[in-house]
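Have a look at the structure below before the remarks.
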Amino acid sequence: MEIIIICIIIAAVLFVGAFITKRRFGLLGLALAAGSLLSGIWGYDIVLAANGFGMPATPLSTAIVMAVIVMLPAAVLLFHGYSYKNQIARVFGAAMFTILALAFLIDPLGRILMPVGFGADVYSWLVNHKTLIIGAGLILAVLDLFLTKPAGLNEKKSKH
Numbered sequence: 161m162e163i164i165i166i167c168i169i170i171a172a173v174l175f176v177g178a179f180i181t182k183r184r185f186g187l188l189g190l191a192l193a194a195g196s197l198l199s200g201i202w203g204y205d206i207v208l209a210a211n212g213f214g215m216p217a218t219p220l221s222t223a224i225v226m227a228v229i230v231m232l233p234a235a236v237l238l239f240h241g242y243s244y245k246n247q248i249a250r251v252f253g254a255a256m257f258t259i260l261a262l263a264f265l266i267d268p269l270g271r272i273l274m275p276v277g278f279g280a281d282v283y284s285w286l287v288n289h290k291t292l293i294i295g296a297g298l299i300l301a302v303l304d305l306f307l308t309k310p311a312g313l314n315e316k317k318s319k320h
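In the working numbering, the protein residues as written are 161 to 320.
Laid out in structure tokens, this is it:
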């Protein structure tokens, strides 16, 4: 059950962050994908390098490092990039970012917290449907990028 509470807290923080900064889902979603790739490539190497500085290479430290690497590109882009102008679009974009981020973070969260009881059922459902959620989320992210107009095209051109 504690994994559900932790996921709800993480979801609330991610939603509020994306909603307040008004950033578009497309770029944030692709940043999550990039973070996931970087996590797979560098995650264990960073943990092993940190082991040389006195940080033990435990499953907990590995999961935390992996989660931070997944979120880092998206966290950087929360402060730069295209933004929504419409309130409904902001809510939709923040919700989609939250769902996609939780799908990418479900494996590290499962390593940090041992799901039991009802939380284990929810966790196993999320793990079983993770690829579907990520695939649909990335397709929506690319579509959102196609709907984004460059800043220069938003202004009306005048003849004078």
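Backbone N, C-alpha and C define an ideal beta-carbon position, used for all residues, glycine too. Everything numeric in this text was worked out from a predicted model, so none of it was measured.
Hey, would you say residue i sits closer than 9 Å to residue j, going by beta carbons?
| i | j | result |
| --- | --- | --- |
| Met-231 | Ala-261 | yes |
| Ile-229 | Ile-259 | no |
| Pro-268 | Ala-223 | yes |
| Leu-273 | Ile-163 | yes |
| Leu-188 | Phe-264 | no |
| Leu-305 | Arg-184 | yes |
| Ala-191 | Pro-233 | yes |
Quick check on residue i: buried or exposed, where buried means 16 or more other Cβ atoms within 10 Å of its Cβ?
| i | result |
| --- | --- |
| Leu-307 | exposed |
| Ile-165 | exposed |
| Gly-186 | buried |
| Val-302 | exposed |
| Gly-295 | exposed |
| Ala-178 | buried |
Determine the direct distance from the alpha carbon of residue j to that of residue i, and round the result to whole angstroms.
| i | j | result |
| --- | --- | --- |
| Asp-281 | Gly-270 | 12 Å |
| Gly-277 | Gly-297 | 28 Å |
| Ile-201 | Met-226 | 10 Å |
| Val-236 | Ser-199 | 16 Å |
| Ser-284 | Ile-266 | 10 Å |
| His-240 | Thr-181 | 9 Å |
| Tyr-244 | Leu-300 | 15 Å |
| Ala-209 | Leu-238 | 28 Å |
| Gly-203 | Lys-309 | 35 Å |
Between which two residues does the alpha helix (DSSP H) carrying residue i extend?
| i | result |
| --- | --- |
| Val-236 | 219–237 |
| Arg-184 | It is not in any alpha helix (DSSP H) - Arg-184 carries neither H nor E in the DSSP assignment. |
| Val-287 | 278–288 |
| Met-256 | 247–272 |
Notebook entry, point to check: Below 8 Å, can you find three or more Cβ-Cβ pairs linking the stretch 279–291 to the stretch 173–186?
Noted result: no
Margin query: Measuring CB atoms only, is the stretch 195–203 touching the stretch 250–258, in the sense that at least three cross pairs come out at less than 8 Å?
Written below: no
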